[in-house]
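Have a look at the structure below, then the notes.
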Amino acid sequence: MMNNKQLADTFTLIANLSEIKGENIYKTLAYRKAADSLMSLGREASEYWKEGKLKEIPGVGAAIAEKIDELERTGRLEFLERLKKEVPVGLVEWLPIPGLGPKRAALIWKTLNITSLAELEAAAKEGKLRNLPGMGAKSEAAILEGIASLGRRSTRLPLGKAYPLAQELCEQLKKVKGVVDAQPAGSLRRMRSTVGDLDILVASRDPAAVMDAFVKLPRVHRVLGRGDTKSSIEFNDGMRAQLWVHPPEKFGTALVYATGSKDHNVRLREIALSRGLSLSEHSFLKVKDDSEIFCATEEEVYKTLGLPWIPPELREDRGEIQAAKANKLPRLIQLKNIKADLQTHSTWSDGKLSMLEMARAAAKRGMKVIAFTDHSVSLGVTGGLSMEDHKKQAAEIRKIQKQLGDSILVLHATEVEIKADGTLDYPDEFLATLDLVVASLHTGLRQPREKVMQRVLNAIRNPHVDIIGHPTGRLIPDREGADIDMEAMLQAAKESGVAMEINAHPARLDLDDVPARRAKELGIPLSINTDAHSESDLDLLFYGVATGRRAWLEPKDVINCWSTDKLLKWLKKRK
DNA sequence: GCCGTTTTCGGCCCGACTGTTTTCAGTCG
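Using the numbering used here, read the first sequence as starting at 22 and increasing by one per residue.
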């Protein structure tokens with residue numbers, strides 16, 4: 022059995038090899054499309070396969086369905102094995118090198134008869150590339166530089182790192198003379214949990230001045246390209262940023278273009294064409310008479326297409342265009358809708374502030390309810406609480422509640438450890454005495470799927486557990502989550518009525534958008550919490566909200582948006 | 001290879017930038 026990631030990787034490999042082979046470009050695109058589609062699918066493709074419904078997956082037709090079938094049945098794919106014999110698989114390692122695409126890879130491979138990254142580097146150093154047709158000394162140097170940068174570059178950047186950086190870049194660019202506006206775009210504006218590079222859009226009538234400032238930013242390692250309206254740079258740490266500059270009257274079309282996603286933009290352009298318009302980052306061009314329509318705002322762009330404005334978090338071609346056409350876009354949750362923080366830590370375990378300080382900080386940020394979910398006893402490194410400690414904590418909560426008055430309601434809760442043996446860290450009789458129970462995995466994350474699933478299902482089915490905290494345990498970018506059968510986990514959650522968390526910490530964002538959307542589809546309540554260990558952690562809530570927005574969540578889907586009454590009733594009913 | 005409120009065949013988004021060229025191919029997003 023193969024999971025969606027493995028299938029997507031397989032089709033991406035086919036796409037890359039086909040492209041080097043020189044196969045019809047639309048075939049290549051079809052494989053890439055199928056790979057993307059599999060990655061944004063809420064359920065495992067293997068489920069569709071069992072039901073004989075593979076072709077219901079967008080981008081999967083007869084040919085790709087057959088290939089998935091063969092992979093599911095035999096674990097291998099004859100088509101891919103043959104392809105690998107035609108095109109050496111080592112060549113795909115060349116493709117991430119900037120300026121080296123499939124055509125040149127094929128040219129170098131066939132003329133010089135080399136297939137590995139090491140051989141490519143050697144050939145470039147020996148000056149063997151500059152004499153190939155269409156290439157010269159500059160291309161050769163660019164390839165060498167590109168190989169060197171592969172080591173420097175991390176893969177994708179966590180949103181939590183990229184977001185503040187992009188804000189900072191925009192602030193610097195706004196100081197440049199003539200700049201009217203500077204906004205982050207790309208996957209960062211769509212708030213993906215990781216981003217490939219930073220995309221910045223600037224409105225100005227003096228693009229040259231902005232370009233000058235951009236390429237001279239601190240820590241710039243090299244300039245990858247510089248034109249009249251577009252430039253890109255690489256920083257010392259390998260991170261890349263690109264900049265577009267457009268005059269204010271074109272800012273709307275330019276922002277839509279720069280925000281993407283690519284697939285979303287393709288859809289918009291198709292709609293434009295069906296209305297006799299050609300859409301680019303500059304304008305709508307009337308096909309009939311070549312006259313132009315300019316849009317200073319995104320709203321005007323979508324309006325011209327007969328659509329309501331679509332929030333950036335939805336722009337992934339996952340049904341948002343159809344929903345917009347039918348006027349059925351979700352009324353997405355907003356930061357201000359969140360009234361309760363149901364996972365926080367205090368000095369009772371590994372938090373930095375006392376409960377009183379944390380509660381006041383949360384109240385200051387508009388929270389009406391805060392739950393202290395200090396760690397349970399077995400998580401020793403965090404100073405986990407014994408049941409005896411909990412009695413003292415309960416007394417302390419009664420005390421601070423008096424001081425806090427009705428500014429914020431404090432819940433006595435726990436983040437109880439789902440231990441490696443599958444049991445919870447406290448007995449049921451004790452859990453029953455708490456206001457709220459979050460159960461989480463922190464240890465034994467590398468256990469085999471069967472074992473880890475047995476643990477998680479045990480926690481989900483425990484009637485005292487209200488929320489499953491950061492369900493996969495992943496840490497961005499260093500640690501993959503546990504080997505969870507997501508569909509089985511969500512089905513169990515649906516049965517037990519437990520809420521699934523979207524942990525707002527940018528190193529977690531767990532659940533991520535795709536499984537969270539599937540949870541909503543199944544009617545499972547979601548809970549967006551900061552997991553704050555300090556006051557500043559409380560300000561990370563918007564990352565969780567953004568992930569929820571990417572999952573199409575509305576206030577009714579998220580227990581943190583409910584009125585205090587409704588939340589307390591829900592908790593009581595679960596006892 | 002996928003897909004269809006014109007289509008089951010014939011399309012499939014659009015432009016910027018670079019390096020190598022004398023008008024364009026390759027790459028990228």
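Where is the CB? At the ideal position from N, CA and C, for every residue including glycine.
Skipping 5 residues on each side, what residues in its chain have a beta carbon closer than 6 Å to that of residue i?
{"i": "Ile-331", "result": "Glu-341, Ala-345"}
{"i": "Leu-264", "result": "Ile-221, Phe-235, Ser-252"}
{"i": "Ala-56", "result": "Ala-29, Phe-32, Thr-33"}
{"i": "Pro-498", "result": "Pro-179"}
{"i": "Leu-75", "result": "Tyr-69, Val-81, Ala-86, Ile-89"}
{"i": "Ser-282", "result": "Arg-336, Glu-337"}
What first and last residue would you give for the beta strand (DSSP E) that runs through residue i?
{"i": "Trp-265", "result": "261 to 267"}
{"i": "Asp-667", "result": "Residue 667 lies beyond the range of the chain shown here (22 to 596); nothing can be said about it."}
{"i": "Ser-399", "result": "Ser-399 -> no beta strand (DSSP E), and no H or E assigned at all."}
Does the distance from the CB of residue i to the CB of residue j come in under 7 Å?
{"i": "Leu-425", "j": "Ala-380", "result": "yes"}
{"i": "Leu-178", "j": "Val-216", "result": "yes"}
{"i": "Ala-17", "j": "Ile-439", "result": "Nothing about residue 17 can be reported from this structure: the residues present for the chain run from 22 to 596 only."}
{"i": "Asn-358", "j": "Pro-576", "result": "yes"}
{"i": "Thr-551", "j": "Lys-389", "result": "no"}
{"i": "Gly-273", "j": "Ala-317", "result": "yes"}
{"i": "Ser-339", "j": "Ser-61", "result": "The sequence shown places Arg at residue 339, not Ser. Yes, the pair counts as a contact, with Cβ atoms nearer than the cut-off."}
{"i": "Glu-522", "j": "Ser-548", "result": "yes"}
{"i": "Thr-280", "j": "Pro-329", "result": "no"}
{"i": "Gly-63", "j": "Arg-539", "result": "yes"}
{"i": "Val-231", "j": "Val-197", "result": "yes"}
{"i": "Ala-453", "j": "His-411", "result": "no"}
{"i": "Ala-382", "j": "Ser-428", "result": "no"}
{"i": "Val-437", "j": "Val-458", "result": "yes"}
{"i": "Ala-262", "j": "Leu-219", "result": "yes"}
Quick check on the DSSP output: the alpha helix (DSSP H) that includes residue i runs from which residue to which?
{"i": "Met-408", "result": "408 to 425"}
{"i": "Ala-234", "result": "228 to 236"}
{"i": "Ser-214", "result": "Taken as a continuous stretch (DSSP letters only), Ser-214 belongs to no alpha helix (DSSP H), as it is neither H nor E."}
{"i": "Gly-73", "result": "Looking at the DSSP string, Gly-73 is not in any alpha helix (DSSP H), and its letter there is neither H nor E."}
{"i": "Trp-573", "result": "From DSSP, Trp-573 is part of no alpha helix (DSSP H); its letter is neither H nor E."}
{"i": "Asp-14", "result": "For the chain, the structure presents residues 22 to 596; residue 14 sits outside this window and is missing."}
{"i": "Ser-58", "result": "46 to 60"}
{"i": "Asn-348", "result": "Note, Asn-348: premise wrong, no alpha helix (DSSP H); not H, not E."}
{"i": "Asn-479", "result": "470 to 482"}
{"i": "Val-277", "result": "272 to 280"}
{"i": "Pro-123", "result": "123 to 133"}
{"i": "Gly-167", "result": "158 to 173"}
Who pairs with residue i in a beta bridge, going by DSSP?
{"i": "Ala-460", "result": "Val-437, Ile-489"}
{"i": "Ser-253", "result": "Gly-246, Gln-263"}
{"i": "Ser-299", "result": "Leu-306"}
{"i": "Asn-550", "result": "Asn-524"}
{"i": "Phe-393", "result": "Thr-365, His-433"}
{"i": "Ala-224", "result": "Asp-202, His-267"}
{"i": "Glu-313", "result": "Leu-306"}
{"i": "Arg-4", "result": "The structure shown does not extend to residue 4, since the chain is modelled only from 22 through 596, so no value can be given for it."}
{"i": "Pro-179", "result": "Thr-215"}
{"i": "Asp-531", "result": "Asn-524"}
{"i": "Leu-28", "result": "Per DSSP, none; premise fails for Leu-28."}
{"i": "Leu-445", "result": "Ile-439"}
{"i": "Val-241", "result": "Phe-256"}
Once you ignore the five residues that flank residue i on each side, which residues in its own chain have a CB closer than 7 Å to its CB?
{"i": "Ala-158", "result": "Arg-151"}
{"i": "Phe-315", "result": "Glu-270, Lys-271, Ser-304"}
{"i": "Cys-582", "result": "Ile-354, Asn-358, Ile-359, Lys-360, Pro-576"}
{"i": "Glu-250", "result": "Per the sequence presented here, residue 250 reads as Thr, with Glu not at that position. Taken in chain order, the residues that qualify are Pro-228, Trp-265, Val-266, His-267."}
{"i": "Gly-167", "result": "Ile-118, Pro-119, Gly-120, Leu-121"}
{"i": "Glu-321", "result": "Gly-273"}
{"i": "Ser-370", "result": "Asp-395, His-396, Thr-403, Gly-404, Gly-405, Leu-406"}
{"i": "Ser-367", "result": "Leu-374, Ser-375, Met-376, Met-379, Phe-393, Asp-395"}
Please return the same chain residues whose Cβ sits closer than 8 Å to the Cβ of residue i, not counting the five positions on each side in sequence.
{"i": "Glu-501", "result": "Arg-495"}
{"i": "Ile-292", "result": "Leu-326, Gly-327, Leu-328, Ile-342"}
{"i": "Val-535", "result": "Met-60, Ser-61, Leu-62, Gly-63, Ala-572"}
{"i": "Glu-508", "result": "Arg-64, Glu-65, Glu-68, Arg-539"}
{"i": "Ile-164", "result": "Ile-118, Gly-120, Leu-121, Leu-141, Ala-145, Leu-150"}
{"i": "Leu-562", "result": "Leu-356, Ile-359, Asp-362, Arg-386, Ala-525, Ile-549, Thr-551"}
{"i": "Gly-544", "result": "Lys-515"}
Could you tell me how far apart the beta carbons of residue i and residue j are, in whole angstroms, since I believe they sit closer than 8 Å?
{"i": "Pro-527", "j": "Gly-181", "result": "3 Å"}
{"i": "Ser-225", "j": "Gly-199", "result": "5 Å"}
{"i": "Gly-405", "j": "Val-398", "result": "5 Å"}
{"i": "Ala-525", "j": "Gly-565", "result": "3 Å"}
{"i": "Pro-35", "j": "Leu-101", "result": "Going by the sequence as given, residue 35 is Ile instead of Pro. Contact holds; Cβ gap of about 6 Å."}
{"i": "Gln-204", "j": "Leu-276", "result": "7 Å"}
The ligand SAH heavy atoms versus the CB of residue i: any closer than 6 Å?
{"i": "Arg-476", "result": "Only the bare structure without any ligand can be found here, which leaves the ligand SAH out of the picture."}
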